[in-house]
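Below: one structure, written as structure tokens.
In mature numbering (1 follows the signal peptide of the UniProt record, and there is no 0), the protein residues as written are -27 to -1, 1 to 314.
Pasting the structure below:
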């Protein structure tokens, strides 16, 4: 009876002590089913956009430093054993970095449409121009493989049946079935630059071989050869379709005793905003400066090369055409263009 009374007294005392605790409730040192401890790591932001997206865009992860989480990661502790005493849960003020298998949100990809650019280019640009007074920088360059398939990508053919290919060279043939055979560049992506060709020009009176920057009846820069005199290279230019007053119709240039109809020679027209240079085998044979003294063919943007019947319209200059001597033929073994930036 005494033992029973003591036990009841002890139980009542413990209950009284429990109820008398501040707030009326005292935490039990033996929780029957403790809740999991939750540790949450987040990144705050004043923006209404998802925190992970904003952070990933403006603050990429640093090597060995912060790790950006696309979503908060929750780590739950295992339930405590009910038979062993457990200290009260302590609020977590800091935690070791939480490892997540969630990758940072990638920055949004930006797609930029490629502009309509130059033709398929050589793997390496040609060296920059080194002519005196020309400091232009080559932006891109192209040396063409002389096949119909390759040239058809960038050029239009005049009298296509009179443009042929053989052993890596190209031929233009002028006869009474064709008023002019050759090529015209078909893209609108060139202006200032150097146009080059290595060729033998056409012989016979009336035949005219032409290598031109620009369009007839507009601004035009020419290298031309008349078949009745194939030891002279003629240089000329036009503005607005008119020969500039005081400029001879065909300044003539020779290269020793060279016959341009039987010898391959490299010709080039080098055109910039400040000057035009006519070139043979790397040597400048004429220079036109863009100054107030003369008009300048600023808009000579096209690129044309051919052999045509000059005797039909300009026989005083080109000579009378005589088909009895057979066709006149131009042979080309190299063609290239350098575009200036």
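Ideal placement from N, C-alpha and C gives every residue a C-beta, glycine not left out.
Quantities reported herein were computed from a predicted structural model and do not represent experimental measurements.
- Based on the DSSP output, what are the partners of residue 139 in its beta bridges? The count along the chain shown starts at 1 and reaches residue 139 at position 166. DSSP, once it has assigned bridges, lists 142 as partnering residue 139.
- Reduced DSSP secondary structure (H/G/I, E/B, other) of residue 239: Residue 239 sits at position 266 when you count from the first residue of the chain shown. Three-state DSSP puts residue 239 in a strand.
- Message: Considering just the uninterrupted stretch of the alpha helix (DSSP H) at residue 124, what are its terminal residues?
- Response: For the purposes of this step, residue 124 is taken as residue 151 along the chain shown, with counting starting at 1. First-last of the alpha helix (DSSP H) with residue 124: 121 to 124.
- For residue 275, collect the residues of the same chain with a Cβ closer than 8 Å to its Cβ; drop the 5 residues on either side in sequence, then sort them by chain order. Within the chain shown, residue 275 is the residue found at index 302, counting from 1. Cβ within range, chain order: 157, 158, 185, 186, 187 and 188.
- Item | Backbone secondary structure at residue 291 - three-state DSSP | The residue you call residue 291 lines up with position 318 of the chain shown. Looking at residue 291 - three-state DSSP - the assignment turns out to be helix.
- Could you pull out every residue in the same chain whose Cβ sits closer than 6 Å to the Cβ of residue 177, ignoring the five residues on either side in sequence? Within the chain shown, residue 177 is the residue found at index 204, counting from 1. Counting only Cβ-Cβ distances below 6 Å, and skipping sequence neighbours, we find 200, 298 and 301.
- Kindly list the residues whose CB is nearer than 6 Å to the CB of residue 311, restricted to its own chain and excluding five residues on each side of it in sequence; keep chain order. As a first step, residue 311 must be located in the chain shown, where it is residue number 338. Closer than 6 Å at the Cβ level, and outside the excluded window around residue 311, lie 99, 111, 114, 166 and 167.
- Message: Whole angstroms are fine: how far does the CA of residue 249 sit from the CA of residue 194?
- Response: Taking the chain shown and counting its residues from 1, the one referred to as residue 194 is at position 221. Taking the chain shown and counting its residues from 1, the one referred to as residue 249 is at position 276. Residue 194 and residue 249: Cα-Cα distance of roughly 8 Å.
- Item | Cα-Cα separation, residue 232 to residue 240 | Stepping through the chain shown from its first residue, residue 232 is reached at position 259. Stepping through the chain shown from its first residue, residue 240 is reached at position 267. Going by the C-alpha atoms only, they are around 14 Å apart.
- Supposed contact pair residue 259 and residue 208 - C-beta distance, whole angstroms, cut 8 Å: For this step, residue 208 is matched to residue 235 along the chain shown. For this step, residue 259 is matched to residue 286 along the chain shown. Yes, residue 208 and residue 259 are in contact; Cβ-Cβ is about 5 Å, under 8 Å.
- Item | Residue environment, residue 320, which counts as buried when at least 16 other CB atoms sit within 10 Å | The first residue shown for the chain is -27 and the last is 314, placing residue 320 beyond what the model contains.
- Is residue 149 buried or exposed, if buried means 16 or more other CB atoms sit within 10 Å of its CB? Residue mapping note: residue 149 aligns to position 176 of the chain shown, counting from 1. Classification for residue 149: exposed.
- CA nearest to the CA of residue 164, picked from 151, 109 and 145: Counting from one through the chain shown, the residue named residue 164 turns up at place 191. Here the closest residue by C-alpha is 109.
- Out of curiosity, what's the CA-to-CA distance linking residue 171 and residue 307? By 1-based counting over the chain shown, the position of residue 171 is 198. By 1-based counting over the chain shown, the position of residue 307 is 334. Going by the C-alpha atoms only, they are around 5 Å apart.
- Task: Express the C-alpha separation of residue 206 and residue 197 in angstroms, rounding to a whole number.
- Result: Position 224 of the chain shown holds residue 197. Position 233 of the chain shown holds residue 206. Going from the Cα of residue 197 to the Cα of residue 206 covers about 6 Å.
- Message: What residue range does the beta strand (DSSP E) around residue 256 cover?
- Response: Numbered from its first residue, the chain shown carries residue 256 at position 283. Residues 256 to 262.
- Query: Between the C-alpha atoms of residue 379 and residue 124, what's the straight-line distance to the nearest angstrom?
  - Reply: Outside the shown range of the chain (-27 to 314) lies residue 379, about which nothing can therefore be said.
- Can you tell me which of 271, 266 and 119 puts its alpha carbon nearest to the alpha carbon of residue 138? Position 165 of the chain shown, counted from the first residue, corresponds to residue 138. Considering only alpha carbons, the answer is 119.
- Query: In whole angstroms, what separates the C-alpha of residue 140 from that of residue 272?
  - Reply: Here the question's residue 140 lines up with position 167 in the chain shown. Here the question's residue 272 lines up with position 299 in the chain shown. So the two alpha carbons sit approximately 36 Å from each other.
- Query: Cα separation between residue 309 and residue 180?
  - Reply: On the chain shown, residue 309 is found 336 positions in, with the first residue counted as 1. On the chain shown, residue 180 is found 207 positions in, with the first residue counted as 1. So the alpha carbons of these two residues sit roughly 24 Å apart.
- In this structure, does DSSP put residue 153 in helix, strand or coil? Along the chain shown, read from residue 1 onward, the residue named residue 153 stands at position 180. Three-state DSSP puts residue 153 in a strand.
- For residue 253: DSSP bridge partner residues: In the chain shown, the residue the question calls residue 253 occupies position 280. Residue 253 is bridged to 240 and 256.
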